[in-house]
Structure formats: structure tokens, C-alpha cells
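When you read off a place in the sequence shown, starting at 1, and then add 10, the result is the number in the numbering used here.
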Amino acid sequence: QFAPGGARPNAVRVNTVFNETSPNGSVPLFLAGMFGNGYFSPAQQATAAGLELDICLAVDRSHSMCFDLSGVDWSYPPGTPRWPDPVAYPPNSTYSRWASLDSAVDLFLDTAADTFKPPRVALVTWGSRIDRTTYEYYITRQTAPAVSNDVGLTNSYNTIKQSIQSRGNNVMLGGTNLSAGLDEAVALLEADQTRPYSRKYVILMTDGQWNEGRDPVLAAQDAARANIVVHTVTFLSRADQSTMAEVAELTGGQHYHADDRDELEQAFVELARTLPVVLTQ
Numbered sequence: 011q012f013a014p015g016g017a018r019p020n021a022v023r024v025n026t027v028f029n030e031t032s033p034n035g036s037v038p039l040f041l042a043g044m045f046g047n048g049y050f051s052p053a054q055q056a057t058a059a060g061l062e063l064d065i066c067l068a069v070d071r072s073h074s075m076c077f078d079l080s081g082v083d084w085s086y087p088p089g090t091p092r093w094p095d096p097v098a099y100p101p102n103s104t105y106s107r108w109a110s111l112d113s114a115v116d117l118f119l120d121t122a123a124d125t126f127k128p129p130r131v132a133l134v135t136w137g138s139r140i141d142r143t144t145y146e147y148y149i150t151r152q153t154a155p156a157v158s159n160d161v162g163l164t165n166s167y168n169t170i171k172q173s174i175q176s177r178g179n180n181v182m183l184g185g186t187n188l189s190a191g192l193d194e195a196v197a198l199l200e201a202d203q204t205r206p207y208s209r210k211y212v213i214l215m216t217d218g219q220w221n222e223g224r225d226p227v228l229a230a231q232d233a234a235r236a237n238i239v240v241h242t243v244t245f246l247s248r249a250d251q252s253t254m255a256e257v258a259e260l261t262g263g264q265h266y267h268a269d270d271r272d273e274l275e276q277a278f279v280e281l282a283r284t285l286p287v288v289l290t291q
């Protein structure tokens with residue numbers, strides 16, 4: 011029984027039994043005469059535990075995250091400057107896809123903070139490599155790596171929120187090197203051995219289709235070999251749901267698709283609520 015002010019458990023076991031002492035009694039047997047017994051008393055037991063978790067958010071920061079929520083490529087929120095090119099400007103702080111992700115990650119972290127054992131969370135952002143030979147560099151005079159390890163594993167969720175917000179104040183460039191983001195997230199989780207028995211997860215989010223780097227399915231196979239579960243989130247109609255669903259399935263994860271901002275927020279909240287609980291028996 012749970013009692014106010016009592017110790018907070020990290021596991022819950024449910025026992026069920028149908029016998030003569032149960033309110034509904036034992037289960038009567040249809041062919042009782044054949045078995046020499048008129049009743050059957052089934053019993054079941056299940057245990058769910060809250061475990062230590064290490065989670066890496068690996069989120070898309072390609073230029074499409076500056077687009078609006080219509081699902082149409084190169085369609086920007088109202089008020090986005092056009093000169094010399096929309097590429098030269100940060101995402102709209104309210105109506106861009108990045109703004110929706112910012113809100114969803116905030117809710118994820120707030121929900122995770124209320125769990126019994128708040129997980130450590132890291133942040134990796136990815137797009138594609140921008141060097142001095144690219145059009146984006148010509149317009150912005152900025153280069154960018156394909157992937158960045160923005161925040162290592164931490165319980166300081168405000169650090170991650172601030173990093174997401176800071177990203178939103180800068181231009182977002184390049185295409186969708188999805189496997190670069192997944193590979194970096196897996197490497198980050200494998201490199202940290204301070205909690206060797208923690209469950210390790212990647213939450214991989216994109217609004218697009220991979221168009222650079224190796225096949226994400228190969229990256230998922232590597233994650234599975236490392237015993238890292240990858241949950242995938244696709245956003246809007248142009249996202250590659252098929253590949254992302256396969257990535258999740260290969261690693262024992264779940265795939266979530268969101269058609270709008272509300273559904274994206276719901277997906278991240280559901281992940282924060284369900285990840286800490288594992289059925290162990």
C-alpha cells in the first residue's frame with residue numbers, strides 16, 4: 011500500500027490471483043469432471059522499476075528547421091527577410107520549426123525533472139558540413155560542422171534549454187546528415203562510463219529526409235550493437251518516416267510522428283513520462 015509521507019519506491023510489483031478468497035472467486039472449469047477439479051486459480055506477477063537513465067537528444071539543425079509549419083520546402087514564416095537570401099537569417103522565434111522544437115524540448119525537460127529519478131540528458135545538434143566552397147558560406151560567411159556536441163550529460167536542464175535557445179539565435183545551414191547526428195550521440199553515451207549500469211537512449215529528431223552521410227540504418231545497427239535504444243521523432247509531412255521507423259525498430263525503440271507543433275510537444279512529453287519506467291518482470 012502507498013501511504014502519504016512514506017518512502018518513495020523505485021519499483022512497483024503487482025500481484026494478481028483468482029482463488030476462493032478473491033472477491034470474484036476462482037475460475038470455474040467448463041470440463042470440471044474430466045480434471046477432478048471444478049476450479050482454476052490463476053496467478054500473475056509483474057514488476058516495473060525506475061532505473062538510472064542517460065539520454066542524448068540528437069536534433070536536426072539543418073536549414074529546413076527555419077521553414078514554417080506548412081510542410082512545404084522553402085516556405086518561411088511571415089516576416090522572414092528575403093534579402094540577400096532567407097538562408098542568411100536565424101529561424102523565426104515563434105513560427106519556425108525550430109521554435110516548435112524549442113518548445114517541445116522545454117516540455118520534455120520539465121516533465122523529466124518531475125520523475126522519481128530525473129535522467130541525465132545531453133544535447134547533440136546536426137545538419138551537414140558547411141565549408142568555404144558552399145553557397146551558404148558565400149551568403150553568411152559562416153562555416154559549420156555536420157554535427158556538434160553541444161552539451162554533455164548533465165542534470166542541469168537549464169543548460170540544455172539555454173543551448174537550444176542560443177542555437178535559435180544563429181543561422182541554420184546545410185542538409186540532413188542524419189547518421190552523423192546518431193553516430194555522435196552513440197559515441198557520447200559510450201564514452202561516459204560514470205554510470206556503467208544506466209540505461210542509455212538516443213532521441214533522434216528530424217523534419218526532413220537524409221541526403222548526406224551514410225545510411226542511417228547502418229548507424230542504427232551500430233547503436234543496437236552498443237545496446238543503445240534509439241527513439242525517433244519525425245516532424246511534418248516531408249520527414250522520412252519510413253527510415254526513422256526502421257532505425258527505431260532496429261534498436262528496440264519507438265517511432266513518433268508529429269504533424270504539427272502540438273503533436274511534437276505531445277511526443278516529447280510522452281517520451282519523458284515513459285522512459286523512466288521499465289517492465290523488469
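Even for Gly, the Cβ is constructed at its ideal location relative to N, Cα and C.
For Trp93, the closest of Thr150, Leu133, Arg130 by C-alpha to C-alpha distance is Thr150. Distance from the CA of Glu200 to the CA of Arg271, rounded to the nearest whole angstrom, comes to 32 Å. In the structure shown, the three-state DSSP call for Thr242 is strand. With a cutoff of 7 Å on beta-carbon distance, His241 and Gly218 are scored as not near each other.
In this chain, Asp270 is not harboured by any beta strand (DSSP E), its DSSP state being neither H nor E.
Bridge pairing for Ile65: Val131, Tyr211 [DSSP]. DSSP places Ser110 in the helix class (H, G or I) of the three-state scheme.
Nearest neighbour of Pro286 by Cα position, chosen from Phe126, Pro38, Leu79, Arg107, turns out to be Phe126. In this structure, the beta-carbon distance from Val161 to Ser176 does not fall below 7 Å. Under DSSP, Ala154 shares a beta bridge with Ile140. Only buried fits Tyr86, as 16 or more other CB atoms lie within 10 angstroms of its CB. Straight across, the Cα-Cα distance linking Tyr145 with Ser158 is about 21 Å.
Listed as beta-bridge partners of Thr253 by DSSP are no residues whatsoever. The residue from Tyr147, Leu79, Asn187, Val69 with its alpha-carbon nearest to that of Trp220 is Asn187. In this structure, Asp232 sits away from Leu163, with a CB-CB distance that is not shorter than 7 Å. Beta-bridge annotation (DSSP): Asp70 is paired with Trp136.
Beta bridge pairing from DSSP links Val196 with no other residue.
Annotated three-state conformation of Asp160 is strand, per DSSP.
Rounded to whole angstroms, Arg283 and Ala255 show a C-alpha spacing of 20 Å.
The residues Pro100, in chain order, have a CB closer than 6 Å to that of Asn180 in the same chain once the five nearest residues on each side in sequence are set aside.
Under the 10 Å beta carbon count, Ala230 is surrounded by 16 or more other beta carbons and is classified as buried. A direct Cα-Cα distance of roughly 10 Å separates Leu192 from Leu228. Nearest to Gly81 by C-alpha distance, out of Ser113, Glu259, Ser247, is Ser247. At the C-beta level, Val134 and Glu194 come within 7 Å of one another. Under the three-state reduction of DSSP, Thr204 is assigned to coil, being neither helix nor strand. Asp95 and Met182 have their C-alpha atoms roughly 13 Å apart. Taking a C-beta distance under 7 Å as the contact criterion, Leu117 and Phe245 do not qualify as a contact pair.
The C-beta of Tyr167 has 16 or more other C-beta atoms within 10 Å across all chains shown, which makes the residue buried. One Cα belongs to Leu214, the other to Tyr148, and the distance between them is close to 30 Å.
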